[in-house]
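For the sequence shown, this note's numbering begins at 4 and goes up steadily by one.
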Amino acid sequence: MKSTEIHPADFDAQGRVRLPFLFWCVLLLQARTWVLFVMAAASRGQGDTLLNLF
Numbered sequence: 004m005k006s007t008e009i010h011p012a013d014f015d016a017q018g019r020v021r022l023p024f025l026f027w028c029v030l031l032l033q034a035r036t037w038v039l040f041v042m043a044a045a046s047r048g049q050g051d052t053l054l055n056l057f
């Protein structure tokens with residue numbers, strides 16, 4: 004089993020573990036997908052136009 008070491012530098016001032024930068028990148032990528040999904044659901048007749056935006 005892989006051992007992960009946690010260092011004091013991994014925590015913020017409140018004692019919570021900081022999330023890695025890659026996590027935020029993936030979260031933004033997923034948010035883009037959800038925005039497209041909501042826009043497509045709101046305007047069903049303009050699906051091709053919305054897909055061209057992304």
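Ideal placement from N, C-alpha and C gives every residue a C-beta, glycine not left out.
Legend entry - Opposing strand residues paired with residue 20 [DSSP bridges]: 14
Legend entry - Alpha-carbon spacing of residue 27 relative to residue 8, whole angstroms: 21 Å
Inset, instruction - Return helix, strand or coil for residue 36, following the three-state DSSP convention. - result: helix
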